[in-house]
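A.B. asks: Please find one structure pasted underneath; my questions will follow.
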Amino acid sequence: MSVIDEVIEFWLSEVGPKGWYISTEALDQKIRDTYMDLWTQALNGGLHEWTSDPRGALAYLLVTDQFPRNMFREDPRAFATDPRARAVAKHAVDVGFDMKIDEPERQFFYLPLMHSECLTDQDRCVRLILTRMPKEGASNLLHARAHRRVIRRFGRFPYRNNALARCSSEDEKNFLEQSGYGGIVEELKSESD
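Set out below in structure tokens:
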């Protein structure tokens, strides 16, 4: 099995949809133990040869966008490869690689845009999920809209401020102390009722 296939098999089958959005120290440690070297290669400009086909691009996005969020919780390294992931995601979408990957795995081409602190990327993410994930997109669309709402309000994700050593505004502090991201999700749910 190639390293690309190994990365995809691990994330899609071993971790699977139920594990993609939960936080467990055991999973985080397993990703650190198994994939830290790959992530470091990507951080230093390596693995770019993976991005020339749909499966390779998917594996690259997992290593640069998903894995660091597990490996480095509350650490600035969680976001260190975001620019690389965004660039590859945009290129992959432009050439149609995302459409060669089934749902729900297709979402991993759009999550680097959802993780961006740029409103243009947020708008594009919402559009892509709305138009390119007809079967599995409802939950993703809700979260894409919630991320976009946070960026519209603050221009950044306040819940990253501590990890990135950024000072929080009073509005951001109130947001974090009160309802936070979950409150935005609930607002959006009630608006659609």
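According to this note's numbering, the sequence shown is numbered sequentially starting from -12.
Cβ atoms here follow ideal geometry from the backbone N, Cα and C, with glycine treated the same way.
Note that this is a predicted model, so its numbers are computed, not measured.
Name the two residues that bound the continuous alpha helix (DSSP H) containing S179.
C.D. replies: G167 to S179
A.B. asks: Which two residues bound the contiguous alpha helix (DSSP H) that contains R71?
C.D. replies: That run of the alpha helix (DSSP H) goes D69 to D81.
A.B. asks: Can you check whether the CB of A150 is closer than 7 angstroms to the CB of A81?
C.D. replies: The question names Ala, but residue 81 in the sequence shown is Asp. No, these two residues do not count as a Cβ contact at 7 angstroms.
A.B. asks: Are the CB atoms of G43 and I(-9) within a distance shorter than 7 angstroms?
C.D. replies: yes
A.B. asks: Whole-angstrom Cβ separation of F95 and L48, contact assumed at under 8 angstroms?
C.D. replies: 5 angstroms
A.B. asks: With the cut-off set at 7 angstroms, would you say I18 and M(-12) are in Cβ contact?
C.D. replies: no
A.B. asks: What residue range is occupied by the uninterrupted alpha helix (DSSP H) comprising P55?
C.D. replies: F54 to M58
A.B. asks: Out of V2, R64, P121 and P145, which one is the CA nearest neighbour of A29?
C.D. replies: R64
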